[in-house]
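Single-structure report; data block below.
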Amino acid sequence: MGVREALAGLARWSPVPVFPIVGGGARDLVRDLRLRPEVELVATPRHATLLLVAGRFPSGAIPGLAVVHDQIPVPRATVRWNGEVSDEISSARLVGGDEEDLIATLVALHREMMADPSRSGPPILPDVDAVEWRGVGPYGHGGKGMTGGTPYGRPLAERAGDRDGIELDQLPVTIGPWVGALPWGLELAVKLQGDLVQEVEVGPRLSTDPPTDVFSMATRKPMTVAVLELERARHHLRWLADALSIQGLSALGLRALRLGKILTPHHQREVRRLLAMVRRSGIFGLALNRAGGEVTGSQAKGLGPVARAGGVDDDARRDEPAYRELGFQTILHQKGDAAARWRQRMAEVTQSLDLSDRAGDRTAFGAGLVEGPRGRITANGPSPSVVVLDLLPQLLSGLEWGDAVSLVWSLDIDPTESVETHVDNRGAS
Amino acid sequence: MNLISDILFWVFSVAAVVTGLLVFITDSMVRAAYWLMASFVAVGGILMILDAQFLGLILILMMAGEMTIMAIFMVMFMMNPAGLNPMTMVHQHRTSIVAGAGAFVALAAVGLLAEFPDRPVPPGVDPTVDLGVELLGESMLIFESAGVALLAVMIGAVALVSKRGRYGIAEEGSEEPSLEMSEE
Amino acid sequence: MSLEALLVVSAALFGVGVYGALSQQSFVMIMMGLELMLNGAILAVVAFWWGSTGGNPEGQLLAVVVLAVMAIEAAIGFALVANVYRVRKADISEKLRRLRH
Amino acid sequence: MNPLVAVVLIGVVMVVSVYLVAVIDTAVETRVSGGRGYARAWLAPISRAARLALQRRTVTERPDAEAWVLGPALLGGLAAVALTSIPFAPGVDVADIPAGIVLFGAALLQVMVAVVLHGWGANSVFPLLGAFRMAAVGLSMGIPFSLVLITTAIPAESLSVGAIIASQEGVWNVLRQPIGLPVYLITALGFSFWGPLQLPDGADLAGGTSAEISGTALLVWRIARASILVSLAAMGAAAFLGGYLGPWLPGWLWMIVKTMGLAALMIWSGHRIARARMESVVLLGWTVLLPVALVDVFVSGALTL
Chain A
560 MGVREALAGL
570 ARWSPVPVFP
580 IVGGGARDLV
590 RDLRLRPEVE
600 LVATPRHATL
610 LLVAGRFPSG
620 AIPGLAVVHD
630 QIPVPRATVR
640 WNGEVSDEIS
650 SARLVGGDEE
660 DLIATLVALH
670 REMMADPSRS
680 GPPILPDVDA
690 VEWRGVGPYG
700 HGGKGMTGGT
710 PYGRPLAERA
720 GDRDGIELDQ
730 LPVTIGPWVG
740 ALPWGLELAV
750 KLQGDLVQEV
760 EVGPRLSTDP
770 PTDVFSMATR
780 KPMTVAVLEL
790 ERARHHLRWL
800 ADALSIQGLS
810 ALGLRALRLG
820 KILTPHHQRE
830 VRRLLAMVRR
840 SGIFGLALNR
850 AGGEVTGSQA
860 KGLGPVARAG
870 GVDDDARRDE
880 PAYRELGFQT
890 ILHQKGDAAA
900 RWRQRMAEVT
910 QSLDLSDRAG
920 DRTAFGAGLV
930 EGPRGRITAN
940 GPSPSVVVLD
950 LLPQLLSGLE
960 WGDAVSLVWS
970 LDIDPTESVE
980 THVDNRGAS
Chain B
31 MNLISDILFW
41 VFSVAAVVTG
51 LLVFITDSMV
61 RAAYWLMASF
71 VAVGGILMIL
81 DAQFLGLILI
91 LMMAGEMTIM
101 AIFMVMFMMN
111 PAGLNPMTMV
121 HQHRTSIVAG
131 AGAFVALAAV
141 GLLAEFPDRP
151 VPPGVDPTVD
161 LGVELLGESM
171 LIFESAGVAL
181 LAVMIGAVAL
191 VSKRGRYGIA
201 EEGSEEPSLE
211 MSEE
Chain C
664 MSLEALLVVS
674 AALFGVGVYG
684 ALSQQSFVMI
694 MMGLELMLNG
704 AILAVVAFWW
714 GSTGGNPEGQ
724 LLAVVVLAVM
734 AIEAAIGFAL
744 VANVYRVRKA
754 DISEKLRRLR
764 H
Chain D
5 MNPLVAVVLI
15 GVVMVVSVYL
25 VAVIDTAVET
35 RVSGGRGYAR
45 AWLAPISRAA
55 RLALQRRTVT
65 ERPDAEAWVL
75 GPALLGGLAA
85 VALTSIPFAP
95 GVDVADIPAG
105 IVLFGAALLQ
115 VMVAVVLHGW
125 GANSVFPLLG
135 AFRMAAVGLS
145 MGIPFSLVLI
155 TTAIPAESLS
165 VGAIIASQEG
175 VWNVLRQPIG
185 LPVYLITALG
195 FSFWGPLQLP
205 DGADLAGGTS
215 AEISGTALLV
225 WRIARASILV
235 SLAAMGAAAF
245 LGGYLGPWLP
255 GWLWMIVKTM
265 GLAALMIWSG
275 HRIARARMES
285 VVLLGWTVLL
295 PVALVDVFVS
305 GALTL
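These protein sequence lines are chains A, B, C and D, in that order.
Oh and the first sequence: position 145 is 704 in our numbering, straight run, nothing missing.
Oh and the second sequence: position 31 is 61 in our numbering, straight run, nothing missing.
Oh and the third sequence: position 81 is 744 in our numbering, straight run, nothing missing.
Oh and the fourth sequence: position 195 is 199 in our numbering, straight run, nothing missing.
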């Protein structure tokens with residue numbers, strides 16, 4: 560047995576590193592893969608062997624798919640879960656079914672790749688320079704002297720003023736839509752000076768067909784409060800899982816995710832313990848201690864926890880008789896910055912669990928307006944994520960990149976949330 | 031042992047001079063900064079061969095920070111830090127070559143031709159202990175003067191670049207002065 | 664390895680430094696030339712200490728002083744570069760025509 | 005020490021300790037995440053390494069290829085150099101030179117250079133930001149790190165690590181210089197960019213300086229990073245916890261226990277303490293750690309007089 564075979568035999572048992580490209584309707588399923596020891600969701604395609612394309616995408620074409628695919632090191636393969644194989648990667652393995660089927664396919668494909676790298680997916684894009692080589696100048700650099708021309712077809716950096724009064728080079732880059740540092744599907748065109756974000760434009764929205772979760776169902780017919788509040792607590796725990804991983808606490812994030820998956824109203828003690836661990840991690844003192852990024856006043860209207868974190872007493876649950884009977888009081892924080900949003904959601908998890916526990920069989924909503932976990936859902940209005948995406952450029956400019964990322968995650972954005980939350984009848988069945 | 035240290039000496043010497051030259055030949059500013067550091071590391075190695083362990087190591091230790099700062103200043107201020115274009119940012123080139131070569135020849139001639147007393151470090155001496163005793167004993171005044179000079183420089187440097195500079199607090203958006211004089 | 668060889672190496676470093684300091688236009692590159700000259704100086708000082716002073720620690724002391732000079736040169740150099748850039752937007756010596764504010 | 009023996013010794017120390025670090029890391033992660041399956045902690049590092057060894061390396065568009073390759077190799081080499089200055093047991097050391105602790109400090113400060121080169125080489129935005137962050141962390145942590153380390157030499161009246169260990173025969177430095185160890189551990193997290201100070205390779209940069217590497221390059225990078233952590237833990241054990249000194253157990257075992265204890269503490273912090281903001285780290289380094297380290301120097305010096 561050669562060294563290769565020996566290594567391949569060992570590599571069989573390695574957790575499968577998967578880079579996910581996630582569209583509408585698959586976020587929760589893919590996120591839950593983190594809980595499986597067989598699979599490892601990685602933040603950059605360079606660390607993966609398998610590309611997982613899951614969920615629905617606006618018009619079939621997936622932005623950036625080919626680039627991400629080619630960035631995965633050989634041996635690599637692609638799995639398409641619950642959707643159609645796109646033309647770009649014809650070699651993708653199509654899987655339907657549930658999580659177990661997906662895991663089985665991922666593990667099998669990984670072992671196949673380790674045993675026989677020749678079956679690796681071929682590159683999609685030709686290996687050529689993005690911009691054509693210009694054979695001008697003595698070295699082919701496209702201009703004369705140190706500062707002349709456009710070397711390798713790329714213009715030299717522009718200078719732009721800094722808050723320090725020094726004009727330095729500005730680096731325009733597009734980050735996303737598939738990168739571990741940002742929510743899946745969020746694309747930011749950023750002008751960076753050092754690690755300072757000077758200008759931000761939000762890329763194309765990936766909104767897909769309408770959601771079918773309990774909150775959008777509740778716009779049509781009354782739902783039981785117990786179910787709604789449990790789902791709200793779950794949603795916030797899933798948000799916590801993502802946000803904690805970005806702050807370097809992926810293990811604590813897993814704990815939140817695991818708890819969210821099995822959550823019942825009787826898990827109050829476990830939830831309190833988790834939230835205490837989050838507080839003790841020093842996250843408010845170390846990671847979220849920068850003021851700024853405040854969302855307050857009229858711009859916060861309808862943004863649920865984001866609004867309430869900014870002191871805006873805006874909660875559709877207040878007007879529901881069922882909630883009034885339960886003695887529902889909105890929780891408010893004042894500052895409206897990233898830390899306040901964290902505190903707000905953490906407080907609302909316990910509140911929702913408590914409400915869910917005491918709700919009995921009361922029902923609420925059903926008249927077109929629902930307080931969802933991200934904010935107000937109406938039959939035809941824009942979804943909260945759409946509103947927040949419009950605020951991003953103004954909120955992010957002037958921050959260091961790390962603070963910008965913390966801020967983005969504190970807003971709980973899902974770029975695949977549809978532009979208008981039309982509720983159709985499919986959700987009712 | 032002597033042979034090994036001779037070989038090491040020549041390796042380090044060639045490395046120091048060649049990397050020193052590469053500083054001014056390479057097109058990439060980051061490489062230039064780290065070539066210079068390589069030159070310092072090589073000289074630090076020679077110092078260690080010469081039993082001046084402490085000085086050699088301190089040189090290497092100091093240069094890690096200093097050259098990183100240099101590399102970052104390069105990236106900050108220079109148009110071409112990555113070396114995408116050839117770096118021909120020189121003036122009075124021929125004169126400089128002559129001056130450099132002249133300095134080398136003159137100094138080397140002094141080194142080769144002048145008579146220096148041949149009094150090597152006696153065996154059994156611990157140069158690090160000697161240096162420590164000297165720094166904090168007889169020559170404390172010189173050492174302290176160097177320290178005070180460094181302190182003054184630190185204050186001066188901070189005054190020159192501090193964010194509450196001559197044009198207001200940086201975070202509040204300081205304004206640069208008009209530039210009408212730079213056009214002449 | 665002999666004192667002569669050490670002095671030749673240090674002369675070579677100094678010569679390269681002189682070339683760099685005189686020929687470069689960019690301020691930071693000029694500083695690199697100066698640093699390289701000081702590099703040669705340190706080597707020469709330690710070489711003399713090793714070969715000619717009989718282990719007199721004052722030789723090492725001189726090297727420490729040179730190290731301090733290097734640190735001073737770097738600190739003041741960087742501060743001036745940043746300040747000149749802030750005030751005049753100049754990063755090469757050609758852009759400075761007069762030495763006044 | 006015979007050079008061949010020295011190479012083997014350092015190699016074995018690095019391989020075994022890096023494996024242990026990976027096992028501890030997985031175990032702590034499993035525990036904090038509330039999951040089960042500690043058994044896989046023993047196998048996972050090996051199978052992961054095998055997988056990375058089989059993966060092909062990737063290239064970016066026009067990288068600074070030499071710097072990019074040099075980064076991981078240099079980092080691993082620096083960890084090895086740093087380990088040579090530490091005696092693992094009485095008489096078992098590679099180079100317990102008279103200025104050993106300065107050798108260690110010089111090697112660790114060069115870590116900054118390795119990481120900056122690695123981030124610069126990839127020609128990609130996240131690695132570049134990682135490189136900038138390493139420079140900021142390294143420069144603000146470097147002085148307090150060197151100060152608290154060199155302070156341990158005051159009671160020993162020697163810069164040799166062996167002498168520093170020997171000087172702790174009666175009482176360990178952690179008691180004589182109680183400020184030293186915490187400052188050392190915080191700055192050590194900075195230089196091994198681990199845990200709350202994992203800024204150059206942080207999750208908000210999708211892996212930072214290692215975001216664009218794969219295969220053997222990634223494997224070497226991870227091993228080198230863990231070796232740096234081990235060398236810092238070993239020096240912490242030697243300089244503050246009396247190294248191989250201790251009752252009942254043989255010296256080498258004490259050294260292993262102390263080193264792995266400090267390493268486990270730093271690994272634990274990575275799973276329980278949030279990553280600090282860049283600005284907080286720089287502020288902490290210059291306005292808290294540096295003055296505290298100076299107090300440590302003055303107080304220790306005065307006590308020795």
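We treat Cβ as the ideally placed atom computed from N, Cα and C, and that holds for glycine.
Exposed or buried, residue i, counting other C-beta atoms within 10 Å across all chains shown (16 or more means buried)?
i      : result
A/E790 : buried
B/L209 : Note that B/L209 has pLDDT 44, beneath the 50 cutoff, so the model's placement of it is unreliable and the number below is only indicative. That one is exposed.
A/S649 : exposed
A/A987 : Because A/A987 carries a pLDDT of 36, less than 50, the predicted location of this residue cannot be relied on, and the following value inherits that uncertainty. It is exposed - the Cβ of A/A987 has fewer than 16 other Cβ atoms within 10 Å.
D/P295 : exposed
B/E96  : buried
A/E760 : exposed
B/L89  : buried
B/L181 : exposed
Under three-state DSSP, which class holds residue i?
i      : result
C/V728 : helix
A/Q757 : strand
A/V982 : Bear in mind that the predicted position of A/V982 carries a pLDDT of just 42, short of 50, making it unreliable; the figure below should be weighed with that in mind. A/V982 falls in the coil class under three-state DSSP.
B/Q83  : helix
A/S840 : coil
D/Q114 : helix
A/E788 : helix
D/T155 : helix
A/P576 : strand
State yes or no: is the C-beta of residue i within less than 8 Å of the C-beta of residue j?
i      : j      : result
B/F134 : B/I76  : no
B/A101 : B/A63  : yes
A/A846 : A/Q806 : yes
D/Q181 : D/T213 : no
A/D754 : A/W960 : yes
D/L245 : D/W176 : yes
D/D68  : D/N127 : yes
A/P824 : A/D962 : no
C/I778 : C/S686 : A question about residue 778 of chain C goes unanswered here, because the residues of chain C that appear run from 664 up to 764.
A/P952 : D/Q59  : no
Report yes or no: is there a C-beta of chain C within less than 8 Å of the C-beta of residue i?
i      : result
A/E746 : no
Does any residue of chain B bring its CB to less than 8 Å from the CB of residue i?
i      : result
D/V106 : yes
A/L755 : no
A/L803 : no
A/G730 : The sequence shown places Leu at residue 730 of chain A, not Gly. Closer than 8 Å: no.
A/L727 : yes
Less than 8 Å between CB atoms is the rule here; does residue i satisfy it with respect to chain A?
i      : result
B/M106 : yes
D/F136 : yes
C/R751 : no
C/Y682 : no
Taking 8 Å as the threshold (beta carbon to beta carbon), is residue i in contact with chain F?
i     : result
B/I34 : Protein chains A, B, C and D are contained in the structure displayed, whereas chain F is not.
Determine whether the Cβ of residue i lies closer than 8 Å to any Cβ atom of chain D.
i     : result
B/L91 : yes
Say whether the segment 708-725 of chain C touches the segment 665-676 of chain C, bearing in mind that this needs 3 or more beta-carbon pairs closer than 8 Å, one atom from each stretch.
yes
Specify whether the segment 191-203 of chain D and the segment 229-242 of chain D touch according to this definition: at least 3 beta carbon pairs, one from each stretch, less than 8 Å apart.
yes
Three Cβ pairs or more, each shorter than 8 Å: is that satisfied between the segment 689-702 of chain C and the segment 47-63 of chain B?
yes
Three or more beta-carbon pairs under 8 Å between the segment 859-871 of chain A and the segment 895-913 of chain A, yes or no?
yes
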